[in-house]
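K.L.:
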Amino acid sequence: QVQVVESGGDLVQPGGSLRLSCKVTGLDISIYAMIWYRRTQDTQRELVARITTDGITEYSDSVKGRFAASRDDPKGTVYLQMDSLKPEDAGVYSCTAKHPQPWGVDYWGEGTRVTVSS
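Counting from -16, one number per residue, gives the positions in the sequence shown under my numbering.
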């Protein structure tokens, strides 16, 4: 059984940092691109960061230069380092294991909540 569990969300002041983790069990993530999404009350799910199987990263314009995604395939874990946090970064962050084939099965977790407030 595949499980995806995000953690690390917290209340942080503007300008602060957080490191989110996404632990995947029951799946070899080495063949999956891993995607971090953010969901807020006002917006639909927004792609925040993506990391390929080769470790190539891409980010939304809103977080570029402040967030960094990384992965540790043997541990089945991906990370999102979030620096210089802004109030608009708040939301529920979740990760998705994106199958390399369009007919493949993707897996995602429930997310972890980030609150940015003074």
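We put the beta carbon where it would ideally sit given N, CA and C, even for glycine.
Just so you know, these numbers come straight off a predicted model, no measurement behind them.
Could you tell me the distance, in whole angstroms, from the CA atom of T26 to the CA atom of P57?
P.N.:
When rounded, the distance between both Cα atoms is 34 Å.
K.L.:
Report back the beta-carbon spacing between S0 and L68 to the nearest angstrom; my notes put them in contact at under 8 Å.
P.N.:
The pair is a contact, with the Cβ atoms about 7 Å apart (cut-off 8 Å).
K.L.:
Rounded to the nearest angstrom, how far is the Cβ of T79 from that of Y90, given a contact under 8 Å?
P.N.:
About 7 Å separates the two Cβ atoms, so the contact holds.
K.L.:
Are the CB atoms of V(-12) and L10 within a distance shorter than 7 Å?
P.N.:
No, the Cβ-Cβ distance between L10 and V(-12) is not below 7 Å.
K.L.:
Please say whether I34 and A52 have beta carbons closer to each other than 7 Å?
P.N.:
Yes, they are a contact pair.
K.L.:
For a test of the three-state rule: what should DSSP assign to Q14, helix, strand or coil?
P.N.:
Residue identity check: residue 14 is Ile in the sequence provided, not Gln. Three-state DSSP puts I14 in a helix.
K.L.:
For R28, I'd like the list of residues in its chain whose CB is within less than 6 Å of its CB, leaving aside the five on either flank, ordered along the chain.
P.N.:
The residues are Y20, R22.
K.L.:
Judging by CA-CA distance, which residue of Y42, S45, E71 is the nearest neighbour of T98?
P.N.:
Checked all of Y42, S45, E71; the closest Cα to T98 is E71.
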